[in-house]
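The structure appears below as structure tokens.
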Amino acid sequence: MTTDDFYKKYISCAQEVERRYGVPALSCLAQSAIETGWGGSAPGNMMFGIKATPSWTGKVQNLWTSEVANGVVKRVQAKFRAYDSPTDSFLDYGRFLKENARYKNAFHYSDPYLFSKEVADAGYATDPTYYRKITSVIDTLKKKAQVIR
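Written out as structure tokens, the structure reads:
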């Protein structure tokens, strides 16, 4: 899927997450682009890579992932949430951030960069370069929004 195709296909989902939960649409879409490789890999319609903790009552899938611990990248198998559709994944992502106290500070910002910085700082991903990746993708998405409108 091209970056244009990804934007066109999922921007309405990201806008709905913004409307319902207050997550800036560009931040939401950028995280999904990173987590799926611009839509190239979304097993179980998983658009965000949210792990399935014991409290999760939905579908679960075991997948290999890369985790960074003490500067070392390791391949591990983990349980992740699975969904009936990408839309369900987007909405769960918004709800997950909104209901998780660890991301509370992010909701002080409507700016996608500041929101994403707080989410990254709160430990959304183990990749120490995660925020830098998000800002790059937000920049790309902003350009797409201007061209596609």
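Residues in the sequence shown are numbered from 0 upward in steps of one, following numbering that gives the first Met the number 0. Glycine included, each C-beta is placed from N, C-alpha and C at the ideal position.
{"Item": "Euclidean distance between Cα positions of residue 160 and residue 144", "Value": "Look at the range of the chain in this structure, 0 to 148, and you will see that residue 160 is not part of it."}
{"Item": "Assigned exposure category for residue 42 - 16 Cβ within 10 Å defines buried", "Value": "exposed"}
{"Item": "Straight-line gap, residue 124 to residue 84 (C-alpha atoms, nearest Å)", "Value": "23 Å"}
{"Item": "Through-space distance from residue 28 to residue 139, alpha-carbon basis", "Value": "11 Å"}
{"Item": "Three-state class that DSSP yields for residue 54 in the structure shown", "Value": "coil"}
{"Item": "Closest by C-alpha distance to residue 39, when choosing among 105, 5 and 129", "Value": "5"}
{"Item": "Own chain, CB closer than 7 Å to residue 126, minus 5 neighbours either side, in chain order", "Value": "67"}
{"Item": "Contact check, residue 50 vs residue 8, beta carbons under 8 Å", "Value": "no"}
{"Item": "Straight-line gap, residue 130 to residue 115 (C-alpha atoms, nearest Å)", "Value": "7 Å"}
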